[in-house]
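Engineer: In this text, residue positions in the sequence shown follow our numbering: the first is 10, and each later residue adds one.
Glycine residues also receive a C-beta, built at the ideal position from the N, C-alpha and C atoms.
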Amino acid sequence: MQQRIEYSAEIADLLGRIRRRPAAGWPWRPGEAVPEWLPVKQSWGWLFAPDGRVLTLVNPKDGIVSLPGGSLEAEDAGDPAVALAREAAEEAQAVIGPAHYLGYLYDRVGSANGGHECARVRMAAALREVGPSAPDPASGRHYRRLLVAPGLVVELLGWGPPGLRQARAAVRVAVSRLGVPEAANEVIEELPLAGCEVFPGAA
Numbered sequence: 010m011q012q013r014i015e016y017s018a019e020i021a022d023l024l025g026r027i028r029r030r031p032a033a034g035w036p037w038r039p040g041e042a043v044p045e046w047l048p049v050k051q052s053w054g055w056l057f058a059p060d061g062r063v064l065t066l067v068n069p070k071d072g073i074v075s076l077p078g079g080s081l082e083a084e085d086a087g088d089p090a091v092a093l094a095r096e097a098a099e100e101a102q103a104v105i106g107p108a109h110y111l112g113y114l115y116d117r118v119g120s121a122n123g124g125h126e127c128a129r130v131r132m133a134a135a136l137r138e139v140g141p142s143a144p145d146p147a148s149g150r151h152y153r154r155l156l157v158a159p160g161l162v163v164e165l166l167g168w169g170p171p172g173l174r175q176a177r178a179a180v181r182v183a184v185s186r187l188g189v190p191e192a193a194n195e196v197i198e199e200l201p202l203a204g205c206e207v208f209p210g211a212a
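What follows is the structure, given as structure tokens:
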């Protein structure tokens with residue numbers, strides 16, 4: 010019997026307004042280093058709570074779901090892990106542990122690089138804590154912050170089978186490096202507006 014996914018009436022209302030972006034079809038390169046000739050333009054993260062759920066952001070204005078992350082800036086000095094930590098703090102007021110590289114998406118049309126091919130890196134890290142909810146200073150977006158099981162994250166993102174393969178890679182790293190359970194808690198939970206500690210002292 011399939012386990013019933015639990016969430017509040019408020020979250021049900023939010024999920025009912027979700028709008029999935031069309032899948033881009035970027036090839037997923039799990040475990041492969043980004044070739045030296047291919048610029049890394051974005052870094053996004055699977056940020057895990059101790060029970061295996063992942064920080065998932067929802068923009069309530071347009072219903073778009075995303076993982077924390079974004080474009081590398083000059084201050085990141087070309088380091089995707091630094092970019093992820095910065096973006097997680099800006100978008101979700103999140104503090105994360107060291108980021109573990111998972112692989113990259115090959116953006117052959119270069120939509121994140123002015124029409125030139127590039128890499129979009131994916132990483133996994135422990136979600137240590139979140140501060141009081143606030144708008145992203147770069148975009149003004151004020152995200153709702155949910156903890157969601159990885160498989161359901163893929164469903165909410167609309168990433169299909171390629172996204173599921175990426176989620177499995179993230180879970181493998183989280184199980185081996187962060188000590189989270191392979192089967193995540195299935196309850197969808199919104200993190201408190203005032204912030205909280207999530208995964209203290211994780212590697």
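Express the C-alpha separation of GLY123 and GLY160 in angstroms, rounding to a whole number.
Structural biologist: Going by the C-alpha atoms only, they are around 32 Å apart.
Engineer: Whose CA, out of VAL91, ARG28, VAL49, lies closest to the CA of ILE73?
Structural biologist: Considering only alpha carbons, the answer is ARG28.
Engineer: Is it true that the CB of PRO190 sits closer than 8 Å to the CB of ASP60?
Structural biologist: Yes, the Cβ-Cβ distance between ASP60 and PRO190 is below 8 Å.
Engineer: What is the rounded straight-line gap between the Cα of MET10 and the Cα of ALA192?
Structural biologist: Reliability of the predicted coordinates at MET10 is poor, the pLDDT of 38 falling under 50, and the value obtained from them is presented with this limitation in mind. Taking the straight line from one Cα to the other gives about 15 Å.
Engineer: As an exercise, report each continuous alpha helix (DSSP H) stretch of at least 4 residues that is fully enclosed by the stretch 127-190, in chain order.
Structural biologist: For the stretch 127-190, whole alpha helix (DSSP H) runs of length 4 or above, ordered along the chain, are 159-166, 169-182.
Engineer: Is the stretch 97-107 close to the stretch 134-144, with three or more CB pairs under 8 Å?
Structural biologist: Yes, they touch.
Engineer: Excluding the five sequence neighbours on either side, which residues of its own chain have a C-beta within less than 6 Å of the C-beta of TRP55, listed in chain order?
Structural biologist: Hits under 6 Å: VAL63, ALA133, ALA179.
Engineer: Do TRP37 and PRO146 have their beta-carbon atoms positioned less than 8 Å apart in this structure?
Structural biologist: Contact flag unset, no.
Engineer: Measuring CA to CA, which of ILE105, LEU76, PRO48, SER142 is closest to SER120?
Structural biologist: Checking every option, the nearest Cα to that of SER120 belongs to PRO48.
Engineer: Straight-line CA distance for PRO77 to HIS125?
Structural biologist: Looking at the two C-alpha atoms, the distance is approximately 24 Å.
Engineer: In this structure, does DSSP put VAL207 in helix, strand or coil?
Structural biologist: It is coil, neither helix nor strand.
Engineer: So, does the CB of PRO69 fall closer than 8 Å to a CB anywhere in chain C?
Structural biologist: In the structure shown, chain C does not exist; there is a single protein chain.
Engineer: Please go through the same chain and pick out, in chain order, the residues whose beta-carbon is closer than 8 Å to the beta-carbon of ARG174, but skip the five residues on each side of it.
Structural biologist: Same-chain partners within the cutoff: TRP37, PRO39.
Engineer: Measuring alpha carbon to alpha carbon, tell me which of VAL67, GLY87, ILE20 ends up nearest SER75.
Structural biologist: Of the candidates VAL67, GLY87, ILE20, the one whose C-alpha sits nearest the C-alpha of SER75 is VAL67.
Engineer: In terms of alpha-carbon separation, which member of GLY106, LYS50, ARG30 lies closest to VAL113?
Structural biologist: Note on identity: in this sequence residue 113 is Tyr, with Val being the wrong assignment. Considering only alpha carbons, the answer is LYS50.
Engineer: To the nearest angstrom, how far is it from the Cα of ASP221 to the Cα of SER142?
Structural biologist: Because the chain here runs from 10 to 212, residue 221 falls outside it and cannot be looked at.
Engineer: DSSP state of ARG29, grouped into three classes?
Structural biologist: If DSSP states are grouped into helix, strand and coil, ARG29 belongs with coil.
Engineer: Taking the continuous beta strand (DSSP E) assigned at ILE105, which residues delimit it?
Structural biologist: 103-105 is the span of the beta strand (DSSP E), which, as asked, contains ILE105.
Engineer: Between which residues of its own chain and HIS151 is the CB-CB distance below 6 Å, once the five residues before and five after are set aside?
Structural biologist: The answer, listed in chain order, is PRO144.
Engineer: Which residue's Cα is closest to the Cα of CYS127: LEU81, VAL91, PRO31, LEU165?
Structural biologist: Considering only alpha carbons, the answer is LEU81.
Engineer: Looking at the structure shown, is PRO89 part of a helix, part of a strand, or coil, going by DSSP?
Structural biologist: Helix.
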